[in-house]
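Residue numbers (this note's numbering), protein chains in the order written: chain A, 23 to 157; chain B, 23 to 157.
2 protein chains.
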Amino acid sequence: MNIGAAAKASGVSAKMIRHYESVGLLPPASRTDAGYRLYGEKDIRTLQFIRRSRDLGFSIEEIRGLVSLWQDKTRPSREVKAVARQHLDFLDRKLEELQSMKNALSHLVDCCHGDERPDCPILDNLAGAGNLTRM
Amino acid sequence: MNIGAAAKASGVSAKMIRHYESVGLLPPASRTDAGYRLYGEKDIRTLQFIRRSRDLGFSIEEIRGLVSLWQDKTRPSREVKAVARQHLDFLDRKLEELQSMKNALSHLVDCCHGDERPDCPILDNLAGAGNLTRM
DNA sequence: GTTGACCTTCCCATGGTTGGAAGCTTCAGC
DNA sequence: GCTGAAGCTTCCAACCATGGGAAGGTCAAC
Numbered sequence: 023m024n025i026g027a028a029a030k031a032s033g034v035s036a037k038m039i040r041h042y043e044s045v046g047l048l049p050p051a052s053r054t055d056a057g058y059r060l061y062g063e064k065d066i067r068t069l070q071f072i073r074r075s076r077d078l079g080f081s082i083e084e085i086r087g088l089v090s091l092w093q094d095k096t097r098p099s100r101e102v103k104a105v106a107r108q109h110l111d112f113l114d115r116k117l118e119e120l121q122s123m124k125n126a127l128s129h130l131v132d133c134c135h136g137d138e139r140p141d142c143p144i145l146d147n148l149a150g151a152g153n154l155t156r157m
Numbered sequence: 023m024n025i026g027a028a029a030k031a032s033g034v035s036a037k038m039i040r041h042y043e044s045v046g047l048l049p050p051a052s053r054t055d056a057g058y059r060l061y062g063e064k065d066i067r068t069l070q071f072i073r074r075s076r077d078l079g080f081s082i083e084e085i086r087g088l089v090s091l092w093q094d095k096t097r098p099s100r101e102v103k104a105v106a107r108q109h110l111d112f113l114d115r116k117l118e119e120l121q122s123m124k125n126a127l128s129h130l131v132d133c134c135h136g137d138e139r140p141d142c143p144i145l146d147n148l149a150g151a152g153n154l155t156r157m
């Protein structure tokens, strides 16, 4: 299985497969005589693991830890849960941040009549929160 | 007003003030004979405008547009509102993405007993969503 | 005149991903 | 056996916003 086929099978782009190998998230793939990377079933499973972890927003470093826990058949699930909880906290913080941006901005958008006239509460607010539409 | 004082007054770091100038978001500051950048009231107001825009998550390019609308006293508020709405859509998409990550992950965390035993629904799910706890 | 706080420019790093360029290999069709 | 397309290789650079640090100049106060 060449890198292109592995990319299709795993849902990870060839570019990213090479990148993950370069940062040591994947062990170096075996090669053909011509230098082409070769992948087997097990590699595909690892790549899918990585992709699903990325889909949940885990960072490369977190995934590094998850993969090693995954491969350690004697890991305590406590450790996995701790990594997941920590990431959950991160997601919560990000969500809160975005949500407050959204709240502030959608309030401003609601206040702006959005026609041909130049006066605009959005710009007023950005120019100096003190003047108008203080949230 | 040197760059340090401008940074304090505006809440934008000196590093970022220089960066904004280098990418043309700010006009080049005037300089002392020694080459120190000088800032006045108007510059501070622009910097605060930029900072507040960043706080709402606008990108540099979007801010470039907002600043130019701000300075154009004849702009139609329609245009400002369009920029804001577009960013609001962006925030919504990001929020949805994070929220679905959070939902999936918190479900997995709930399923994991998190003790000394090695079996772990979180890893099982990452290893192959087909097996267990399909969302 | 020295010390310490400030300023300057320049380069590098982050994180995850993507893009391109230049060159080699493989394979199918003829 | 030749040709062309597609796929592979490595390397380098970009995105966005931010920060760190080095090497050196400047300004104030003591």
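Every residue, glycine too, gets a C-beta built ideally from N, C-alpha and C.
- The beta-carbon distance between Gly-62 of chain B and Met-23 of chain B, rounded to whole angstroms, is 7 angstroms. This is short enough to meet the 8 angstroms contact definition.
- Residue range 63-77 is occupied by the alpha helix (DSSP H) that includes Thr-68 of chain B.
- 9 angstroms or more divides the Cβ of Arg-74 of chain A from the Cβ of Val-131 of chain B.
- For Glu-138 of chain A, there is no enclosing alpha helix (DSSP H), as DSSP marks it with neither H nor E.
- Using a Cβ distance threshold of 9 angstroms, Ile-72 of chain A and Val-102 of chain A do not count as a contacting pair.
- Using beta-carbon distances, Lys-124 of chain B counts as an interface residue toward chain A, with a partner under 9 angstroms.
- Among the bridge pairs identified by DSSP, Ser-52 of chain A is matched with A:Leu-60.
- Non-local beta-carbon contacts of Thr-68 of chain B in its own chain, meaning distances under 8 angstroms to residues more than five positions away in sequence, involve Leu-48 and Val-89 in chain order.
- For Ile-66 of chain A and Val-105 of chain A, the gap between their C-alpha atoms comes out near 23 angstroms.
- In terms of beta-carbon proximity, Glu-83 of chain A stays away from the interface with chain B, with every pair separated by 9 angstroms or more.
- DSSP places Ser-81 of chain A outside both helix and strand once states are collapsed to three, so it counts as coil.
- Cα atoms of Ala-29 of chain A and Leu-117 of chain B: separation of roughly 28 angstroms, rounded to the nearest angstrom.
- Sixteen is the threshold: since fewer than 16 other Cβ atoms of the shown chains lie within 10 Å of the Cβ of Gly-46 of chain A, the residue is exposed.
- Of all residues in the segment 114-138 of chain B, only Asp-114, Lys-116, Leu-117, Leu-120, Gln-121, Met-123, Lys-124, Ala-126, Leu-127, Ser-128, Leu-130, Val-131, Cys-134, His-135, Gly-136, Asp-137 and Glu-138 come within less than 8 angstroms of chain A when Cβ atoms are compared, listed by chain position.
- Neighbours of Pro-49 of chain B in chain A, taken as residues whose beta carbon is under 8 angstroms from its own, are absent, since the nearest beta carbon is some 17 angstroms off.
- The beta-carbon of Ser-32 of chain A is placed no less than 9 angstroms from the nearest beta-carbon of chain B.
- In the three-state reduction of the DSSP assignment, Leu-110 of chain B falls in the helix class, which pools H, G and I.
- Within 7 angstroms of the CB of Ser-99 of chain B, the CB atoms of chain A belong to Cys-134, His-135, Gly-136, Asp-137, Arg-139, Pro-140, Asp-141 and Cys-142, in sequence order along the chain.
- DSSP places Asn-147 of chain B inside the alpha helix (DSSP H), whose first and last residues are 143-149.
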